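Asker: Handing you a structure now.
In our numbering, the protein residues as written are 3 to 129.
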């Protein structure tokens, strides 16, 4: 390959890379699917019913329920208060984000929160 040809190929490569960088889009994660910093995944389960399927994932966090609620409210989500100090965000009948005290009752699996984790986030979707 000649120097002139190599220079042309390099110039085209730079144009493609620079052009791609300008048109590249960052993917924005919807607030419902964000988790607070330091969260640890506990479970990811799928339940099959006769008329619907439910997929849910739970996370344990060191923050309290009010602190987790404040995190999500800062992202624009709104909550209703439930039993045992839990809070729920349900933007539609098929999606839910619930936050429970780690010492309370919530959907669970074999993995449990550590003693230092004070809240459990359960994100579910019905299809």
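Virtual Cβ for every residue (Gly too), placed ideally from N, Cα, C. Nothing here was measured: the structure is a model prediction, and the numbers come from that model.
#1: So residue 89 packs on residue 67, CB below 8 Å; how close in whole Å?
#2: With DSSP collapsed to three states, give me the class of residue 33.
#3: Three-state secondary structure (DSSP) at residue 38?
#4: Using the C-alpha atoms, what's the distance from residue 46 back to residue 108?
#5: Return the chain-ordered list of same chain residues with a C-beta closer than 7 Å to the C-beta of residue 38, the five sequence neighbours on each side being excluded.
#6: Please identify the residue among 33, 94, 114, 77 whose C-alpha is closest to the C-alpha of residue 102.
#7: Short of 7 Å in beta carbon distance, which residues of its chain neighbour residue 112, apart from the five on each side in sequence? Order them along the chain.
Answerer: Let me lay it out:
#1: Mapped onto the chain shown, residue 89 falls at position 87. Mapped onto the chain shown, residue 67 falls at position 65. Indeed, because the Cβ distance is near 6 Å, the residues count as touching under 8 Å.
#2: For this step, residue 33 is matched to residue 31 along the chain shown. Looking at residue 33 - three-state DSSP - the assignment turns out to be helix.
#3: Numbered from its first residue, the chain shown carries residue 38 at position 36. In this structure, residue 38 counts as coil in the three-state DSSP scheme.
#4: One-based indexing of the chain shown puts residue 108 at position 106. One-based indexing of the chain shown puts residue 46 at position 44. Each residue's alpha carbon lies about 14 Å from the other.
#5: Along the chain shown, one-based indexing puts residue 38 at 36. Same-chain partners within the cutoff: 63, 65, 70, 73.
#6: For the purposes of this step, residue 102 is taken as residue 100 along the chain shown, with counting starting at 1. Closest by alpha carbon: 114.
#7: Position 110 of the chain shown, counting from 1, holds the residue named residue 112. Once the five neighbours on either side are set aside, residue 112 has no close Cβ partner at all.
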